[in-house]
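Residue numbers (my numbering): 8 to 300. We treat Cβ as the ideally placed atom computed from N, Cα and C, and that holds for glycine.
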């Protein structure tokens with residue numbers, strides 16, 4: 008579509024009616040509505056946006072405009088993308104995937120909407136490979152086809168996963184391993200049991216204290232196994248629950264969220280075999296808290 012160079016003062020819609028030859032007024036209004044019109048490189052939707060001489064108006068296709076709108080509404084940070092996988096950074100408080108009660112306010116829904124907006128036929132698909140708890144932030148990898156999903160899940164034990172957490176108080180041993188067998192009760196609460204049973208699952212967590220102050224410690228955590236709520240249960244068992252995690256015994260909530268972040272993920276690419284690494288990344292709110300005396 009043509010590029011318009013503004014020579015007179017005026018309002019955007021009026022200017023387009025006068026100078027955009029070959030388009031009906033309803034179509035021009037659609038261009039504005041869907042974010043297809045840019046002034047000096049910025050999307051403008053207001054009919055009465057003031058123009059001055061020297062302004063440059065150009066246009067995105069409706070498809071590109073829809074994609075731009077989706078990108079502006081993303082509730083996640085896009086970290087990596089290729090033809091087979093997509094890596095997103097999930098914020099705390101957002102479900103990875105839907106539940107019976109919530110289908111749309113999820114990372115999966117947003118990533119799928121983004122992929123569909125990019126595809127020519129609007130049928131782009133996304134496949135879940137793993138998940139993070141709602142209250143945990145960090146890196147999540149999705150597959151774009153079933154073959155990539157199956158390969159990633161088959162090779163998931165090769166993935167290296169590190170978490171960063173703020174605990175209440177400092178563990179006596181500044182480096183160590185925590186091991187227990189976990190079960191989940193009918194109220195969805197996970198806890199350790201003294202002996203293995205047919206329904207229990209072995210969970211192993213490694214950790215290292217990176218910093219500490221009088222109230223909290225910053226830990227780097229190696230997830231040897233990937234059980235539900237594993238980290239939260241293990242540090243509760245240790246007497247140092249994750250800050251903000253009232254479900255597992257935390258008495259404080261200094262960050263307004265559970266202080267747990269999946270800050271490193273390394274895994275072979277499902278097609279090329281190249282080892283991809285994302286992070287390490289410690290949230291700034293974690294480091295700021297540790298700077299307090």
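- Pairing residue 195 with residue 139 gives a Cβ-Cβ distance that is not under 7 Å.
- Between residue 148 and residue 92, the gap from beta carbon to beta carbon is short of 7 Å.
- Segment contact: the segment 180-188 against the segment 206-217, three or more CB-CB distances shorter than 8 Å; contact assigned.
- The beta carbon of residue 141 is closer than 6 Å to those of 102 in its chain, skipping five residues each way along the sequence.
- Secondary structure note for residue 158: its alpha helix (DSSP H) is the uninterrupted segment 153-161.
- Here the alpha carbons of residue 244 and residue 175 stand approximately 12 Å from one another.
- Leaving aside the five residues that flank residue 190 on each side, the residues in its chain whose CB is nearer than 6 Å to its CB run, in chain order, 200, 206 and 207.
- Ranked by Cα distance from residue 114, the first of 59, 89 and 146 is 146.
- Only residues of its own chain outside the window of five on either side were considered, and among them 277 have a CB closer than 7 Å to the CB of residue 158, listed in chain order.
- A contact is defined here as three or more CB-CB pairs under 8 Å, and the segment 230-239 fails this definition with respect to the segment 106-122.
- For the 7 Å CB-CB criterion, residue 248 and residue 268 do not form a contact.
- Here residue 133 is near residue 119, since their CB atoms are less than 7 Å apart.
- When only Cα atoms are considered, residue 90 and residue 150 end up about 9 Å apart.
- For the set 167, 15 and 35, the Cα lying nearest the Cα of residue 60 is the one of 15.
- As computed with DSSP, residue 229 is found in a beta bridge with 169 and 213.
- In this model, residue 287 and residue 168 are separated by some 10 Å (Cα to Cα).
- For the options 126, 161, 246 and 54, the alpha carbon positioned closest to that of residue 179 is the one of 246.
- Under DSSP, the beta-bridge partners assigned to residue 113 are 102.
- The beta carbon of residue 121 sits closer than 6 Å to those of 77, all from its chain and outside the five residues before and after it, given in chain order.
- Per DSSP, residue 83 lies in no beta strand (DSSP E) and is assigned neither H nor E.
- Only buried fits residue 197, as 16 or more other CB atoms lie within 10 angstroms of its CB.
- Per DSSP, reduced to three states, the secondary structure at residue 299 is coil, with no helix or strand assignment.
- Residue 280 is not a Cβ neighbour of residue 171, given a cutoff of 7 Å.
- In this structure, the alpha-carbon of residue 48 lies about 12 Å from that of residue 42.
- Rounded to the nearest whole angstrom, the C-alpha separation of residue 56 and residue 19 is 5 Å.
- The three-state secondary structure of residue 10, taken from DSSP, is coil.
- Secondary structure in the segment 248-279: the beta strand (DSSP E) runs of 3 residues or longer, each lying completely within the stretch, are 267-275 in chain order.
- Assignment of residue 190 by DSSP, reduced to helix, strand and coil, places it in the strand class.
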